[in-house]
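Numbering (our numbering), first residue to last: 279 to 532. We put the beta carbon where it would ideally sit given N, CA and C, even for glycine. A quick note: this is a predicted structure, and the numbers were derived from the prediction, not measured.
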Amino acid sequence: MTAVGHQTCHYQTWGTASIQPPQTSTNAEGNDRNDQNNEEVITLNALELSGTDTLGPFHDRLTSCIISMFNQGAHADITILIQGISLPAHRFVICPQSIYLEEACQQAFSQDERILNCEQGSGAAYWRVFEYLYTGGYSDYLDNTELKDDSKLSKHLRVYTLADMFCLEDLKTISLDKFRRETSEGWDSDLFLECVWEVYQSIPEYPRKIRPTLVDIAVAHARDIAGKAGFKDLVREGGDFVVEYVTRLLVQKL
Numbered sequence: 279m280t281a282v283g284h285q286t287c288h289y290q291t292w293g294t295a296s297i298q299p300p301q302t303s304t305n306a307e308g309n310d311r312n313d314q315n316n317e318e319v320i321t322l323n324a325l326e327l328s329g330t331d332t333l334g335p336f337h338d339r340l341t342s343c344i345i346s347m348f349n350q351g352a353h354a355d356i357t358i359l360i361q362g363i364s365l366p367a368h369r370f371v372i373c374p375q376s377i378y379l380e381e382a383c384q385q386a387f388s389q390d391e392r393i394l395n396c397e398q399g400s401g402a403a404y405w406r407v408f409e410y411l412y413t414g415g416y417s418d419y420l421d422n423t424e425l426k427d428d429s430k431l432s433k434h435l436r437v438y439t440l441a442d443m444f445c446l447e448d449l450k451t452i453s454l455d456k457f458r459r460e461t462s463e464g465w466d467s468d469l470f471l472e473c474v475w476e477v478y479q480s481i482p483e484y485p486r487k488i489r490p491t492l493v494d495i496a497v498a499h500a501r502d503i504a505g506k507a508g509f510k511d512l513v514r515e516g517g518d519f520v521v522e523y524v525t526r527l528l529v530q531k532l
């Protein structure tokens, strides 16, 4: 994403305004104000109590509205350009969820631009990240036919990488859970080993927190991958995966 020049999360501490308590008045006017304030407090408390039962429907309606805004131009104020594919977006939806995107949007607007370019990496992964920002999840099957989809395993790892960059902790959990589920429900040794190669050999490097999951799965399927050419190539290559894999195997045997 070219609107920002870094891939790490920066957190800001915002200044807080000091709210002074109202001055107490000893005259009649002051007493009237105090009575009025008391009445307002009682009224507000009554409203809060009466609104308890209506908060659920309001929340559901608001959530439904935000979900329906994904990939819709109405009220959009910025465009996400994913490998030439335009995705209309809304800052009030995406920025509060990601300080990375907030900084990117601020930089784009400071340059009188309303476009964020996402050209590097997986276009399908970018699409799924923005789908998550609107819906709270992402589809296994890409609904945009103009973008090339990733394999059934790598798609989740690539979403994880972007979630890490965008500081989206919940999405990291979702994508890793999807990856585990996919490997358990439809094991494919070759696809899995391709993922291992990608995670351990890619430049720039994948987030290291994803490695233990791969090692755990590899150990669980040790017999399945032992005779595969891709696994033998990994062993010949050496490196971190072999060290972590063998260490985990030895610990399991002890």
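In the DSSP assignment, S364 forms a beta bridge with L359. Taking C-beta atoms as the reference points, Y416 and I452 count as a pair closer than 9 Å.
Nearest in C-alpha terms to S480, of all of R501, F519 and I345, is F519. Taken atom to atom, the span from the alpha-carbon of D455 to that of E381 is near 29 Å. In chain order, G517, D518 and F519 place their CB closer than 7 Å to the CB of Y478, counting only its own chain and leaving out the 5 sequence neighbours on each side. The straight-line gap separating the alpha-carbon atoms of L440 and E522 is approximately 24 Å. In the three-state reduction of the DSSP assignment, C445 falls in the coil class, being assigned neither a helical nor a strand state. Around V493, the same chain offers E522, Y523 and R526 as residues with beta carbons nearer than 7 Å, after the five sequence neighbours per side are excluded. Between A496 and I488, the C-beta spacing is not below 9 Å.
Looking from the CA of C445, the closest CA among A507, P485, F387 and A402 belongs to P485.
In its chain, beyond the 5 residues on either side, A281, I356, R392, I393 and L394 have a beta carbon closer than 8 Å to the beta carbon of A386.
Linking P374 to A500 through their CA atoms gives a straight-line distance of about 43 Å.
Taking C-beta atoms as the reference points, L365 and E397 fail to come closer than 9 Å. For I393, the secondary structure class from DSSP, reduced to helix, strand or coil, is strand.
In the DSSP assignment, Y412 falls within the unbroken alpha helix (DSSP H) covering G401 to T413.
For W465, the secondary structure class from DSSP, reduced to helix, strand or coil, is coil.
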